[in-house]
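Trainee: Just passing along the structure, written as structure tokens.
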Amino acid sequence: MSITVEVALAADQPATEHLLDLTFGLSRSAKTSYRLREGNTAIEGLSLVTCETGFGLTGAISFWPLKIGEAGIDALLLGPLAVHPDRQNIGIGRALMRTGLDKAKALGHRLVILVGDAPYYARVGFKKVPHGQIELPGPVDPERLLYLELAEGALALAKGLVLPPYRFAELSERDAKKWAPVFRKNATLTY
Ligand SMILES: CC(C)(COP(=O)(O)OP(=O)(O)OC[C@H]1O[C@@H](n2cnc3c(N)ncnc32)[C@H](O)[C@@H]1OP(=O)(O)O)[C@@H](O)C(=O)NCCC(=O)NCCS
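Letter by letter, the sequence shown follows residues 24 to 214 of my numbering.
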């Protein structure tokens, strides 16, 4: 069967949300991955869908920008990835991942992380992040925290807390202010 992967349109949003509710359940936004998507914007051109005539939207994937650690190493969060229960196990998930990862590499992205089932994602090369190297802003089973290098060696510098870019910028600015010298007018020295 040939599967056509297309860039998602704004008009696909309601059907995508419905698909995510169907596959992950209504409590899906409680997951730690969602803390990385709140206030963040999916990478343009990397939100992909599959559609079938007479069926509608059958699968969806998206990728989100992240900053890792004090160095602010750039990475992508893969997910959510979902395939309609009636269309699973025919290669749609793999086609969405492969297309998304190829496009991400072509755009110059170097590192992708995700929280998910290791046996599934290992099929496209994801591995477990060494325990303790990367921390997410919420609880995560370390066995499910996975990475894929799109550029060799990209994981090595990625150490510490993972944040959406806007949050990283806020914290960096706050820290810069904290350490900036305070100039007092008419200061007198008292011994
Ligand atoms: C996980 C999911 C995205 C896979 O998509 P899909 O289109 O059905 O998968 P594919 O057709 O590309 O691959 C199917 C293969 O992966 C295997 N597989 C599917 N889900 C798996 C999982 N969670 N763990 C391990 N293997 C899995 C299937 O057994 C099948 O194996 P086979 O090729 O040896 O027969 C889809 O089942 C889904 O949306 N599930 C619910 C949401 C979810 O759990 N998403 C993310 C996983 S953390």
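Note that the Cβ used here is the ideal one computed from N, Cα and C, for glycine as well.
Does residue 85 pass the burial test, meaning 16 or more other C-beta atoms within 10 Å, or should it be called exposed?
Mentor: With 16 or more other Cβ atoms within 10 Å, it is buried.
Trainee: If you run the structure through DSSP and keep just helix, strand and coil, what is residue 34?
Mentor: In the displayed model, residue 34 falls within a helix according to three-state DSSP.
Trainee: For a test of the three-state rule: what should DSSP assign to residue 43, helix, strand or coil?
Mentor: helix
Trainee: With distances taken between CB atoms, is the gap from residue 181 to residue 127 smaller than 8 Å?
Mentor: No, these two residues do not count as a Cβ contact at 8 Å.
Trainee: Quick check on the DSSP output: the alpha helix (DSSP H) that includes residue 85 runs from which residue to which?
Mentor: From DSSP, residue 85 is part of no alpha helix (DSSP H) but of the beta strand (DSSP E) over 79-91.
Trainee: Taking the continuous beta strand (DSSP E) assigned at residue 105, which residues delimit it?
Mentor: 96-106
Trainee: In the DSSP assignment, find the unbroken alpha helix (DSSP H) run with residue 116 in it and report its ends.
Mentor: 115-129
Trainee: Can you name, in chain order, every residue of its own chain whose Cβ lies under 7 Å from the Cβ of residue 113, other than the five neighbours on each side?
Mentor: 24
Trainee: Which word fits residue 161, buried or exposed, when buried means at least 16 other C-beta atoms lie within 10 angstroms of its C-beta?
Mentor: exposed
Trainee: Of the choices 198, 191, 195 and 91, whose alpha-carbon is the least far from that of residue 62?
Mentor: 191
Trainee: Ligand 1 and residue 39: does the residue's C-beta get closer than 7 Å to at least one heavy atom of that ligand?
Mentor: no
Trainee: Can you find the residues in the same chain that come closer than 7 Å, C-beta to C-beta, to residue 174, ignoring five residues on each side of it along the sequence?
Mentor: 133
Trainee: Beta-carbon separation of residue 157 and residue 26 under 8 Å?
Mentor: no
Trainee: Could you give the distance in angstroms between the alpha-carbon of residue 149 and the alpha-carbon of residue 77?
Mentor: Rounded to the nearest whole angstrom, the CA to CA distance from residue 149 to residue 77 is 34 Å.
Trainee: Could you say which of 72, 89 and 37 lies nearest to residue 81 if we only look at CA atoms?
Mentor: 72
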